[in-house]
Amino acid sequence: MQRITITIDDDLLAELDDMMRRRGYPNRSEALRDLARAGMKEVALDEGELGACFGVLSYVYDHEARDLAKRLTSSHHHHHDISVASLHVHIDAGRCLEVSILKGSSADIRHFADGITAQKSVEHGELKLIPRNDGDA
Ligand code: NI
923 MQRITITIDD
933 DLLAELDDMM
943 RRRGYPNRSE
953 ALRDLARAGM
963 KEVALDEGEL
973 GACFGVLSYV
983 YDHEARDLAK
993 RLTSSHHHHH
1003 DISVASLHVH
1013 IDAGRCLEVS
1023 ILKGSSADIR
1033 HFADGITAQK
1043 SVEHGELKLI
1053 PRNDGDA
C-alpha cells in the first residue's frame, strides 16, 4: 500500500462524504479505492479489446438537420452486419431518440458508433459494450 495526497474541491468532497455515510464506508480511503476500481473497470471496457460483443448505442438527433436522418439510416444499412435492431422514439417536434443494438468485434462496434455520434446534430451519444463470452462458465 502507498499513501498518496489528493486535492479535491469542497463540493465533490461533500458529495463523497454523503455517499460514504449512505453506503456505510468506514473511511475515505476505502470509498476512494472502490470508486477507483469501478472507474478502472469502466475504462477497461471503454478501451480494451473485448473480442465478440454486443453494443447498445443510444443517441439523440435533430431530425430536421440537413440530410442527417438519411445519413444515419444509410450508416445502419451500410453496416447491416453490425446493426441488428434499432428503436426510434420521436421525443418532441424536432428530436429523435434512437437505441441501436449492435453486434461484432469491440473494434468494429466502436468504429460504427463513433461514425454515428461524431455527426453534427447528434447528441448524448453513448455506447455500452457487452462481451459475448460473459456468460461462459
Ligand atoms: Ni423521429
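Counting from 923, one number per residue, gives the positions in the sequence shown under this note's numbering.
Note that CB positions come from ideal geometry on N, CA and C, so glycine has one too.
| message | If you reduce the DSSP assignment to three classes, tell me which class H1046 lands in. | response | Along the sequence shown, one-based indexing puts residue 1046 at 124. Residue state for H1046 is assigned as strand, using DSSP reduced to three classes.
| message | If you measure between the beta carbons of V876 and I1038, is that distance less than 9 angstroms? | response | Residue 876 cannot be examined here, being either before or after the span of the chain that is shown, 923 to 1059.
| message | Buried or exposed for S996, going by 16 or more other Cβ atoms inside 10 Å? | response | Against the sequence shown, residue 996 aligns to sequence position 74. Burial call: exposed.
| query | Under a Cβ-count criterion, where at least 16 other Cβ atoms within 10 Å of its own Cβ denotes burial, should S1005 be classed as buried or exposed? | reply | Walking along the sequence shown from the start, residue 1005 turns up at place 83. For S1005, the number of other beta carbons within 10 angstroms of its own is at least 16, and it is reported as buried.
| request: Report the residue from E986, L938, A1035 whose alpha carbon sits nearest the alpha carbon of D1014. | output: Position 92 of the sequence shown, counted from the first residue, corresponds to residue 1014. Closest by alpha carbon: E986.
| request: Note down the Cα distance separating S1008 from Y981, rounded to an integer number of angstroms. | output: In the sequence shown, residue 1008 corresponds to position 86, counting from 1. In the sequence shown, residue 981 corresponds to position 59, counting from 1. S1008 and Y981: Cα-Cα distance of roughly 11 angstroms.
| query | Pick from G977, N1055, H999, S1022: whose alpha carbon is nearest that of R1032? | reply | Here residue 1032 refers to the residue found at position 110 of the sequence shown. Taking each of G977, N1055, H999, S1022 in turn and checking the Cα distance to R1032, the smallest one comes out for G977.
| task | Sort T927, I928, K1025 by Cα distance to L979 and report the nearest one. | result | Counting from 1 along the sequence shown, the entry for residue 979 is found at position 57. Minimum Cα distance to L979 is reached at K1025.
| message | Alpha carbons only, please: which of R945, T929, R1054 is nearest the one belonging to S1027? | response | Within the sequence shown, residue 1027 is the residue found at index 105, counting from 1. Distances from the CA of S1027 to each of R945, T929, R1054 were compared; the closest alpha carbon is that of R1054.
| DSSP state of I1013, grouped into three classes? | What you label residue 1013 is simply residue 91 of the sequence shown in a count that begins at 1. Note: I1013 maps to coil in three-state DSSP.
| message | Cutting at 8 angstroms between CB atoms, please list the residues of its own chain near R993, excluding the five before and the five after it. | response | Translated into the one-based positions of the sequence shown, residue 993 becomes position 71. Within its own chain, the residues whose Cβ lies closer than 8 angstroms to the Cβ of R993, once the five positions on either side in sequence are excluded, are Q1041, listed in chain order.
| message | Classify D1035: buried if its beta carbon has 16 or more other beta carbons within 10 angstroms, exposed otherwise. | response | As a first step, residue 1035 must be located in the sequence shown, where it is residue number 113. Before going on, a small fix: residue 1035 reads as Ala here, not Asp. If you draw a 10 Å sphere on the C-beta of A1035, you find 16 or more other C-beta atoms in it, and that means buried.
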